[in-house]
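Okay, structure first, notes after.
Protein chains: 2
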Amino acid sequence: MESSAAIDRLSALAQPGRLDVFRLLVRAGPDGIPAGEIAATLGLAPNTLSSQLAILVHAGLLTSAREGRVIRYAARPEALSELIVYLMDDCCGGRPEICRPVEEAARAACCAPPKSKTPRVRA
Amino acid sequence: MESSAAIDRLSALAQPGRLDVFRLLVRAGPDGIPAGEIAATLGLAPNTLSSQLAILVHAGLLTSAREGRVIRYAARPEALSELIVYLMDDCCGGRPEICRPVEEAARAACCAPPKSKTPRVRA
DNA sequence: TCCATATTTCGACGAATGTCGAAATATACA
DNA sequence: TGTATATTTCGACATTCGTCGAAATATGGA
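Pasting the structure below:
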């Protein structure tokens with residue numbers, strides 16, 4: 033991954049609205065959510081959300097797919113993998129104990145049972 | 033981890049100079065590097081670097097320790113762990129195969145042998 | 001074709017951000 | 001105490017960023 037791509041990804045996430053959108057879509061899974069529903073859920077104006085979605089897509093964090101009148105957006109988990117690899121590049125040089133916590137965190141977060149109160153969206 | 037803390041961390045990293053600083057310190061390991069040496073290595077003005085370092089420390093990404101006239105900065109790996117957990121919160125809800133790649137990436141990056149040409153800094 | 005719905009694009013405005021020169025602070029040492 | 005080195009703080013400047021209203025585009029259906 034290139035430096036400028038990493039910057040694009042980080043700054044895309046470094047904004048409250050976009051971070052909320054991304055996390056919502058991470059929880060929603062591969063099916064994603066239509067733009068309008070995202071806007072309603074997060075209380076964002078449709079045009080504002082549209083710019084934010086464009087930024088997230090351009091950064092490679094989301095995918096979009098048209099379904100009739102609706103456009104569904106979904107998170108792209110590999111975008112996070114790539115970012116982590118970039119940030120931890122050459123991190124421990126023979127001293128794995130230094131960055132082991134990061135690996136542990138990824139494993140723990142990945143397979144933790146859902147904490148949300150509402151049941152998962154049906155496919 | 034709180035939303036505002038995540039934003040602070042992401043926007044701290046979402047700037048070329050600061051991202052370079054953080055990655056340099058990740059590679060340097062727990063001993064860290066003095067501010068002046070960071071500035072020289074990355075070709076940044078001392079006062080500019082100083083503001084950037086302050087932002088990274090305030091975001092919890094770096095620690096600083098004075099040693100005589102010098103101040104050594106070091107990366108804080110747990111900052112990344114916490115960020116990953118926050119981003120992947122409730123990510124796979126029963127479908128671990130979805131975010132497994134992220135876990136794999138963390139493991140691969142963590143214990144990969146150093147790729148840099150120059151040998152690791154001696155302790 | 002005409003209309004309603006979903007989403008995006010455009011243009012402008014205020015707020016936040018990064019960089020720089022100059023000055024201030026902190027430490028070491030003679 | 002005085003001086004040199006390391007780092008930070010201050011103030012100003014141009015640039016970038018997020019949001020909003022209004023208008024445009026795309027799709028589906030009558």
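Those sequence lines, one after another, are chains V and U. Every letter in the first sequence is one number past the one before it in the numbering used here, and letter 104, counting from 1, is 136. Every letter in the second sequence is one number past the one before it in the numbering used here, and letter 118, counting from 1, is 150. Virtual Cβ for every residue (Gly too), placed ideally from N, Cα, C.
{"query": "Nearest-angstrom Cβ-Cβ length linking arginine 104 of chain V and alanine 97 of chain V, presumed shorter than 8 Å", "result": "5 Å"}
{"query": "Cβ neighbours of valine 102 of chain V in the same chain (closer than 6 Å, five flanking residues each side left out)", "result": "Pro66"}
{"query": "Alpha-carbon spacing of alanine 46 of chain V relative to alanine 72 of chain U, whole angstroms", "result": "28 Å"}
{"query": "Within 7 Å of chain V by C-beta, residues of the stretch 61 to 89 of chain U in sequence order", "result": "Gly61 and Pro62"}
{"query": "N- and C-terminal bounds of the alpha helix (DSSP H) containing alanine 111 of chain U", "result": "109 to 119"}
{"query": "With 16 other Cβ atoms within 10 Å as the buried cut-off, status of glutamate 34 of chain V", "result": "exposed"}
{"query": "Contact belief for isoleucine 116 of chain V with isoleucine 116 of chain U at Cβ below 8 Å, rounded distance in angstroms", "result": "7 Å"}
{"query": "Assigned exposure category for alanine 137 of chain V - 16 Cβ within 10 Å defines buried", "result": "buried"}
{"query": "Alpha helix (DSSP H) segment containing leucine 57 of chain U, residue limits", "result": "48 to 60"}
{"query": "Closest Cα partner of cysteine 142 of chain V within the set U:Arg139, U:Ala141, U:Arg132 and U:Cys142", "result": "U:Arg132"}
{"query": "Contacting positions in the stretch 38 to 61 of chain U - beta carbon closer than 9 Å to chain V", "result": "Ala38, Ile39, Asp40, Arg41, Leu42, Ser43, Ala44, Leu45, Ala46, Gln47, Pro48, Leu51, Asp52, Phe54, Arg55, Val58, Arg59 and Gly61"}
{"query": "Within chain V, partners of leucine 93 of chain U - CB distance below 7 Å", "result": "What leucine 93 of chain U touches in chain V: nothing, since even the nearest Cβ is about 10 Å away."}
{"query": "Start and end residues, alpha helix (DSSP H) containing alanine 140 of chain V", "result": "132 to 143"}
{"query": "Neighbour flag for tyrosine 105 of chain U against chain V, beta carbons, 9 Å", "result": "no"}
{"query": "Under 9 Å between C-beta atoms of alanine 91 of chain V and leucine 57 of chain V", "result": "no"}
{"query": "Member of V:Leu76, V:Leu85, V:Leu42 and V:Arg41 whose CA lies at the smallest distance from the CA of glycine 64 of chain V", "result": "V:Leu85"}
{"query": "Short CB-CB distance (under 9 Å) between glutamate 136 of chain V and chain U", "result": "yes"}
{"query": "Isoleucine 65 of chain U - partner residues in DSSP beta bridges", "result": "U:Tyr105"}
{"query": "Whether arginine 55 of chain V touches glutamate 114 of chain V by CB criterion (9 Å)", "result": "no"}
{"query": "Short Cβ contact (9 Å threshold) for proline 62 of chain U with isoleucine 39 of chain V", "result": "no"}
{"query": "Beta-carbon proximity check, leucine 81 of chain V vs alanine 44 of chain V, cutoff 9 Å", "result": "no"}
{"query": "Residues that arginine 98 of chain U bridges to, as DSSP identifies them", "result": "U:Ile103"}
{"query": "Close-in-space but distant-in-sequence residues of the same chain around leucine 88 of chain U (CB under 7 Å, 5 per side omitted)", "result": "Ala44, Arg50, Val53, Phe54 and Leu94"}
{"query": "Glutamate 34 of chain V in three-state terms, based on DSSP", "result": "coil"}
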